[in-house]
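Colleague:
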Amino acid sequence: MFGSLAEKGLHMATETIESIAQKQAKQEGQFDQFSKRFEDSQMMLVQAINGLREDNKFLLSRVDAVDSKIGEVNRWRWATTIAAVIAACALYRVFFP
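Under the numbering used here, the letters of the sequence shown match residues 1 to 97, in that order.
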């Protein structure tokens, strides 16, 4: 099959180069797959972050609404307390002149 030592060495070198090329192609394919998975993961992460930002905006608007209602309740509480004090003073003046 191989006539001379040089042909045998050339054949072995060719096989080695081909196997290295195959390994390199396989590794490049694996890297491409990894790169694609990494890009997909980044996209999913960005989408999750954007979703959380939207949820945060919604929660902040709800907190503002609750704060507004609490402020309104506090105003009514003070108004009711003042009205009760005025009514008590008026009743005191009526029953104890």
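Cβ coordinates follow ideal geometry from the N, Cα and C atoms, glycine included.
Indicate the three-state DSSP secondary structure (helix, strand or coil) for S4 in the structure shown.
Modeller: It is coil, neither helix nor strand.
Colleague: Might you give, ordered along the chain, the residues of its own chain that have their beta carbon closer than 6 Å to the beta carbon of R75, omitting 5 neighbours on each side?
Modeller: Excluding sequence neighbours, R75 sits near nothing in its chain.
Colleague: Classify F96 as helix, strand or coil using the three-state DSSP reduction.
Modeller: Reduced to three states, the DSSP call for F96 is coil.
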